[in-house]
Amino acid sequence: MGKFRSNYLIILLSGVVLLAACSRTRDTWASRTYHQITAKYNPLFNAEQALLKAKTTVKQQSKLSFDTLVPLYLVTPEQMVSMIDADIKRANEKATKTIREHTMVIAGKQKNKTIKNAYFVLGEAYYTSRDFYKAIEIFNFIAREYADHPIVIDAEIYSIKSQTQLGNYYAAREIANKYYKSKNLKKKQQIELLKAMAANEIPDKKYELARRYLQEALTLKPSMTERINLMYLIAQLYELEGNYFEANKMFRKIIKSSPPYIYQINAYLRMAANYDPNLMQSAEMLSDLYKLTKKDKNRDYLDAIYYQIADIYIKDENFDKAFEALQKSINYSTENNIQKGLSYIRRGDLHFDFREYVPAEANYDSALIVLPKTHFRYSAIEKKKNSLTELVQHLNVIAYEDSVLRLAALDKRELDKVIDRIIQQAKKADEEAQRERQVERDQPSMAGRNTPPATPTPAAGGMMGLNAPGAPPTFYFYNQALVAQGFTEFTNRWGNRKLEDDWRRKNKEITSTGQSTASGDGSSEGNTQGSDDIKESDNPKYKREYYYARIPSTPDSLEAAHKRIRNAHEAAARIYKDVLNDPKEAIKMLENLLKRYPDCDCTPRVYYTLCLIAQNQSLTLKKEAYCDGLIKKFPESSYAALLTGKGQDTLYAQKTNVQELQEYKAAYQAYKSSKYSAAAQLVKEAIKKYPNSEMTPKWRLLDALVSAKTDSKDSLKAKLESIVATYPQSPEATEAQNILKHLSGEGSAAIGSSAAASEFIDAKSAPHQYMLVLENKGIDLNTIRSTISNFNTSKFPNSRLQLRNILMGREYQLILVSGFNNQAEALQYLQEINKDMDFIAYIPKPNHQVVITSDNFRKFYQKQLLKEYIAFYEKYINLPSNPEKK
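Residue numbers for the sequence shown follow this note's numbering, so the first one is 67 and each next one is one higher.
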């Protein structure tokens, strides 16, 4: 009984002591020890583990990339924040719990030494989740509350990193300078501080200063892995400074330091990339690279090695060897789509430099298939490829029309011989394709199952180096590299086909809407490719009639073919001149046009374009031939007037028959007054009376507008398309294209509607602004703004015109010029800017140019009523066929 009472007293006494220790307001050894131990091994431990898990996830998912500067410390990529969100929340929750339940502030001082660690974990969690403002707030609190503790230095280093990520480089520099050269820092803290200071200088392009900090960090003898990383970054900074000799010395030093192999192979590649034929010998570098190709462990890096071999050959101007090496790079690039894309780009650039634009376009197209859209070169290559694609289309038009015209010139017997040869070639090609399909069915592809382990598609590579290898997906459709490779092979064979029924059909002109056709020849052309059992007699490509139908035989069809050739020549020349900046090819194309069609009605326009090129390129002989030739041969043309500086009024006074102008105004007034029958009659008589006058395109457009009121929509479309084809370079063709583009049923913006008109008010006396609407695809906004700004300065020096641009949705860029007191002033500006040759040359097509009030603009922009405002504008403000409009 006495023993039981004794134990009871001991338990009771222990409980009293424990309860006393739980107090956070009593500064006793028991209280401090209890809260320190409980905090450290319970909530704070859990917070630290959650934060560690988040950091580990980021490290594992962030593959080391040599495509850009190697990182100095861990920064979570934005796309990974969601991946670690749960762990960060847990770390924040547990760290906050530690502070809330175990803080011991007595007499203004924190008695629990563990609390500062909880704050630090909280700050690290915010930093890891990219919430840099909150991280800075926490680290600043630590610096204030624990000013005499070494943890302050760690907190300040994190503040420097956070300020750098926010772009506050001056603030980061101010913090760093407080501790730089301080003797109170431990070696690890010194290294981290120097790394943070270097990282803060790189965005400001202070590469030399950053490099000095890193070299100072090397003197502190960091770990082997960290030392190699610092050396590699120093070499990269030398590259950015243009000091390739010192960069290669550092890369050579890395190779001799027995680094991790991923650093070694990339050091070799960067040494090759930095090769300067004026300072270095290529033989040794090529020897080293070819030795690397023979090592089995470099199997996954062969594409990048051959890419650098090609780069050396290019610098040595051994282009045949360069093309050979690039082809090997592409062939060996089965996993690294980044490198494959870069090899295609390099080969495309070579073709481009040699003015071989057709193969250049094909290589850029292949590059876009394999490069991810997020790659920094994707957008520029896409713009370049699109320009070349348009050029290739025009060149193909010329080649195709030339070929059918040559066939049209043959007699029946010779023509049949040629067609028979084409049919035999088609049969042979179809038989080969059928054999390939049979092989594919008999031996289905096992790509992906039996593929040996290789590196997965890296996040980046090729320009600065390679990425670290990893394990590939095992299932074919999980391996994006193999899928991309298959897509490339498909595209190379079939082209860019839309996913639809009977996708194998290349030409769907001869086809039926149902299952079989009732025509005498049986089946459609598409079935020749879509079925292996098709009868030879059913394939239209195997019949002469198929080709007869595509060869022009009447005067109209022959003239249409010649017209397409002429238009393609001018369009191709424009791309050479304005897009590719290749005046030599532009001149060649236009001179070929003049040689083939010396009596073309486009001759004055071609002379004018050649004159401008000659002036810009200071080509004296060609300037005399075309500038002087234009004035001598075509003195009454509008292009001669532009060249000599004659105004629009003078031009019309010279060129336009006064009687014709009056008749046009009468016809247009009848149209505006809804007297469509009278307008139609006047237009019909004028077209007969003035068949080839300067105003013929205007008559044709007015005829189309009248037909919109009196005839079917098909008639309107046909007339508009005729204007575009017949007068492709005229302002009326642009008007017709805009109307065709926006034509949608009877309520089309092209012909106007009462619904559109009701949205806006025609306030002629209100202040207006000029608005240029451009499609937001591949435009050089800086050049456009600069062109308009230069025009405003030179032509309206005393007017306070303001220029601004704004994005409407994702599709359109709006460029606005304000400062006009009324509608007339804005319309005058619109007319004047369209006479400026720089504006004409640099403003992309298609576009819309209008004037608009502030009230109308608000309605237009808020509801994005482009079609509606164009309809209102055409009906109430703009006179689309007004002879005063250029």
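All C-beta atoms in this analysis are idealised placements derived from N, C-alpha and C, irrespective of residue type, glycine included.
Best match in the options for proximity to residue i [C-alpha to C-alpha]
i, options, result
"E651", "Y642, L659 and N658", "Y642"
"L727", "N250, K738, S703 and A752", "A752"
"E282", "D270, L259 and K272", "L259"
"Y185", "Q930, A105 and D151", "A105"
"T792", "S323, A627 and F826", "A627"
"R977", "S623, A242, D482 and V724", "There is no way to answer for residue 977, as the model of the chain reaches only from 67 to 952."
"L869", "G875, S743 and L880", "L880"
"G233", "P216, I268 and K252", "I268"
"A799", "M761, A495, Y329 and P109", "M761"
"S395", "N403, D419, A370 and F418", "A370"
"L335", "S324, P343 and Y356", "Y356"
"V218", "N250, D366 and Y236", "N250"
"I872", "E891, G695, T853 and N842", "N842"
Three-state secondary structure (DSSP) of residue i
i, result
"Y192", "helix"
"N397", "helix"
"H441", "coil"
"A221", "helix"
"F886", "strand"
"I827", "coil"
"V136", "coil"
"Y542", "Note that Y542 scores a pLDDT of 43, beneath 50, so its modelled location is shaky; the value from the coordinates is reported in the next line. Helix at Y542."
"H834", "strand"
"N871", "strand"
"I918", "strand"
"S148", "helix"
"S409", "helix"
"S131", "strand"
"P649", "helix"
"K609", "coil"
"E801", "helix"
CB of residue i within 8 Å of CB of residue j, strictly
i, j, result
"L786", "L768", "no"
"Y908", "T859", "no"
"Q229", "A221", "no"
"V484", "R616", "no"
"Y430", "I411", "yes"
"L709", "C677", "yes"
"L437", "G407", "yes"
"A209", "A161", "no"
"N158", "H101", "no"
"K764", "Y730", "yes"
"I404", "A391", "no"
"I631", "D496", "no"
Beta-bridge pairing of residue i - partner residues as DSSP gives them
i, result
"V171", "Q176"
"N913", "L840"
"Y878", "E841 and M874"
Close-in-space but distant-in-sequence residues of the same chain around residue i (CB under 7 Å, 5 per side omitted)
i, result
"S511", "Residue placement at S511 is poorly supported in this model, since its pLDDT is 45, which falls under 50; the coordinates are not used for a value here."
"K493", "Y608"
"N887", "P833"
"A474", "I617, P618, S619 and L624"
"T579", "In this prediction, T579 has a pLDDT of 34, which is less than 50 and means its spatial position is unreliable; what the coordinates show is noted afterwards. Same-chain partners within the cutoff: there are none."
"I899", "F857 and F905"
"L306", "Y273"
"S453", "I641, V645 and L646"
"Y341", "S348, M351, I378 and K381"
"I679", "K643, P649, A652 and I653"
Contact set for residue i: own chain, Cβ-Cβ below 6 Å, skip 5 residues either direction
i, result
"K387", "Y379"
"Y935", "F926"
"S781", "S773"
"H460", "A634, A637 and A638"
"V916", "M837 and Y939"
"P288", "I257"
"R277", "I300 and L303"
"Y942", "D828"
Nonlocal neighbours in the same chain, by C-beta distance under 8 Å from residue i, ignoring five residues either side
i, result
"I165", "I181, A184, Y185 and L188"
"Y224", "G189, E190, Y193, A201 and F205"
"N856", "D904"
"T957", "Residue 957 falls outside the range modelled here, since the chain spans only 67 to 952, and no answer is possible."
"I294", "I320, S323, P325, P326 and Y329"
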